Structures are given as C-alpha cells and as structure tokens.
Ligand SMILES: CC(C)(COP(=O)(O)OP(=O)(O)OC[C@H]1O[C@@H](n2cnc3c(N)ncnc32)[C@H](O)[C@@H]1OP(=O)(O)O)[C@@H](O)C(=O)NCCC(=O)NCCS
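See below:
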C-alpha cells in the first residue's frame, strides 16, 4: 500500500471512495477537493493499493489554533476495511502534525457510528468529556451548531521523541 498526499489527479477517485463512507461522511465537491489538494495536501493522505484508491483522510491544521489538526473526513473502501488502512492514514496525519509541533488531532463522530468509535478508541483517541452519554460515549451538545450533538475524540500528540504509531501500545497510551 502506498500513502500519498492528495493531488489533482486523485480527486475523482477520492470522491468515489468517500461515497463508501456515507451516511457518516459527506462527499465534497470537486472544487472542495481541489482546494484541499492545494491548501492541505500534507494532511490529506490517500491510500493506494494496486493502483486503486482504497481510502483517504481529509484533515487540516487550524489557523486560529495552530496546535490543532482537525480530521474532517475518513473513508475506507469496504473491501479493504479491518486491514489497518485508517490507522496508517491517521498515522501519516499525526506524523505531519508532530513535524509542525501540533499537540492534538481531533474529530467528531456520529453518536451511533459504533465502527468509527471503536476505530478511534483503538487508535488511541480519547473521548472528550461531554454533556451526556449515549451507550457509554460522551456527547458534546451543540458542538456542531444548535441541536447537532456529537462525541468528540482527541489524539494527544507527544511533544518530542519518536512518533507513536496509532494502534500500537505506545499510541494507545497517548
Ligand atoms: C471507520 C473506518 C474509517 C475504519 O477504517 P479501517 O481501515 O477499517 O480501520 P482499521 O483497519 O485501521 O482499524 C483499526 C482498528 O479499529 C477497530 N475497528 C475497525 N473497524 C471495526 C469494526 N467494524 N468493529 C470493531 N472494531 C473495529 C479495530 O480495533 C481495528 O483494529 P483490528 O482490526 O486490529 O482489530 C471505516 O470502517 C469506514 O470507512 N467507515 C465508514 C466511514 C466512517 O464511518 N468514517 C468515520 C467517520 S467519523
């Protein structure tokens, strides 16, 4: 598997793989992916296997909170799930974030997306304290606007030393 930054030539294939993430992932328009490839390519890794795009992450560093990298979208082709692809892509984002000196990756998730919740927890993300819990998961009320309540997950990035690989014991301890 090759992991490579999003580029113009991959935009259509990335949109196609994002469709497999619905309803949990919003497929963006071509001009959005074009902007991501121009502005955030180093935090938008694409996984390629045998010449085909099998997964992608869209993430970006905050301008106002430069310690933070927000993971916006993650989708893996169904035929390639449970093979560590999401873990490898998140690891790529985490490595870039650490190069910049960022302190955390964070993301929101649908409360009922148990597969994603299991994935983030396995990769070492912690569920931030919320307003209430659903099935043991903390949910932050209105975190994406009025009435839009989601769990928020955060991966703390160590300040120095080798990058922990999410999914390993070291990553889980972060
Ligand atoms: C969630 C998603 C990105 C995970 O991608 P993936 O490549 O299959 O994840 P990985 O193989 O890296 O899994 C890492 C760990 O997460 C956990 N995990 C992943 N899928 C799981 C599942 N279906 N059930 C339980 N645990 C799961 C496991 O612990 C796994 O490690 P293991 O296989 O060694 O046990 C993928 O299922 C997907 O694209 N879902 C649809 C879109 C989506 O929900 N995106 C996230 C929005 S917040």
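In this note's numbering, the protein residues as written are 1030 to 1203.
Think of the CB as a built atom: it goes at the ideal place given N, C-alpha and C, for glycine as much as any other residue.
Everything numeric in this text was worked out from a predicted model, so none of it was measured.
Query: Proximity test, residue 1105 beta-carbon vs ligand 1 heavy atom, cut-off 7 Å; Result: yes
Query: Proximity test, residue 1055 beta-carbon vs ligand 1 heavy atom, cut-off 7 Å; Result: no
Query: Contact test: residue 1145 Cβ vs ligand 1 heavy atom, cutoff 7 Å; Result: yes
Query: Opening and closing residue of the alpha helix (DSSP H) in which residue 1054 lies; Result: It is not in any alpha helix (DSSP H) - residue 1054 carries neither H nor E in the DSSP assignment.
Query: Residue from 1187, 1073, 1171 with nearest C-alpha to residue 1121; Result: 1073
Query: N- and C-terminal bounds of the alpha helix (DSSP H) containing residue 1116; Result: 1114-1129
Query: C-alpha gap between residue 1123 and residue 1176, whole angstroms; Result: 30 Å
Query: Stretch-stretch touch, CB-based, cutoff 8 Å, three pairs: the stretch 1032-1041 with the stretch 1099-1111; Result: no
Query: Distance between beta carbons of residue 1126 and residue 1035, contact taken as under 8 Å; Result: Not really, about 16 Å apart at Cβ, beyond 8 Å.
Query: Distance CB(residue 1114)-CB(residue 1084) smaller than 8 Å; Result: yes
Query: Proximal residues to residue 1053 (C-beta, below 6 Å), its chain only, five neighbours per side dropped; Result: 1139, 1142
Query: Through-space distance from residue 1067 to residue 1059, alpha-carbon basis; Result: 12 Å
Query: Same chain, Cβ closer than 6 Å to residue 1050, five either side skipped, listed in chain order; Result: 1104
Query: C-alpha distance - residue 1149 paired with residue 1045, whole-angstrom precision; Result: 23 Å
Query: Entirely enclosed beta strand (DSSP E) segments - the stretch 1066-1109, minimum 3 residues; Result: 1074-1078, 1081-1090, 1097-1105
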